[in-house]
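Mind the numbering: the sequence shown is residues 522 to 677 in my numbering, read in order.
For every residue, glycine included, the Cβ atom is placed at its ideal position computed from N, Cα and C.
Nothing here was measured: the structure is a model prediction, and the numbers come from that model.
In what follows, a single structure is set out as structure tokens and then discussed.
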Amino acid sequence: MSCPPGPGVEQGGATRQKSSDRRRTMAAMEGGVNEREEEYVYRISTVEEWEALQKTGTTFGGDLDKSTGCIHLSKLHQVESTLQNFFLNTKSDLYLLKFDAKKLGDGLVYEAVDNSNVFPHFYGPSHSFSPLPLDAVVKAEKLVLSAGKFSCSLLN
522 MSCPPGPGVE QGGATRQKSS DRRRTMAAME GGVNEREEEY VYRISTVEEW EALQKTGTTF
582 GGDLDKSTGC IHLSKLHQVE STLQNFFLNT KSDLYLLKFD AKKLGDGLVY EAVDNSNVFP
642 HFYGPSHSFS PLPLDAVVKA EKLVLSAGKF SCSLLN
């Protein structure tokens, strides 16, 4: 999973749709007509990332985020499949961070990662790679892995 080229630029230099147009297009792709953005977005975080975020007040995420220039997030209904597909063999303790989408502002962009999945990505207020702020975290819970399935009260 990687971010498309930064906002405003497509591969080959073409200009992207405006955010509001892109959100409408993506809502239609998901079979919905609701243009309302998600109230909350979620970050699957290692314990090290979560501790650093609490200590410094910001995080640039992990290696994947740094290499793609955006911080990967999920909608609530996407968290379980993301955990199963990318974190099942993680040795570190994991936390699920719930972010207030409004506090992330227009740096939060919903983008298609394939023909059927639209994920939230955080680029930052200037649409250049910016860290996620601690003050946007509403709740954080440790994820528990049991019988090959992750759980916490945020997922219930």
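Burial state of residue i (16 or more Cβ within 10 Å)
i: G628; result: buried
i: A622; result: buried
i: S595; result: buried
i: L604; result: buried
i: V600; result: buried
i: D586; result: buried
i: E572; result: exposed
i: F607; result: exposed
i: L664; result: buried
i: S566; result: buried
Residue range of the beta strand (DSSP E) that includes residue i
i: A622; result: Note, A622: premise wrong, no beta strand (DSSP E); alpha helix (DSSP H) at A622 to L625.
i: A633; result: L629 to A633
i: H642; result: V639 to F643
i: K663; result: V658 to K663
i: S672; result: K670 to S672
Residue i: first and last residue of the uninterrupted alpha helix (DSSP H) it sits in
i: E569; result: V568 to T577
i: S602; result: L597 to F607
i: S588; result: D584 to T589
Closest residue to residue i among the options (Cα-Cα distance)
i: Y644; options: E559, Y631 and N638; result: Y631
i: S649; options: R564, V639 and F581; result: F581
i: E559; options: E570, G669, H642 and L604; result: H642
i: H598; options: K612, V568 and V562; result: V562
i: D656; options: L664, H593 and K624; result: K624
i: L574; options: L609, P654, G669 and V600; result: P654
i: V568; options: L676, T611 and S672; result: T611
i: N638; options: S651, A668, G583 and S602; result: S602
i: F671; options: L609, K576 and T579; result: L609
i: S647; options: K576, L676 and C591; result: C591
i: S588; options: A633, N677, A668 and S651; result: S651
i: V634; options: S613, H593 and K576; result: H593
Exercise. Determine, using beta-carbon pairs with one atom in the region 606-621 and one in the region 656-663, whether at least three such pairs fall under 8 Å.
Key: Here the region 606-621 lies against the region 656-663, with 3 or more beta-carbon pairs under 8 Å apart.
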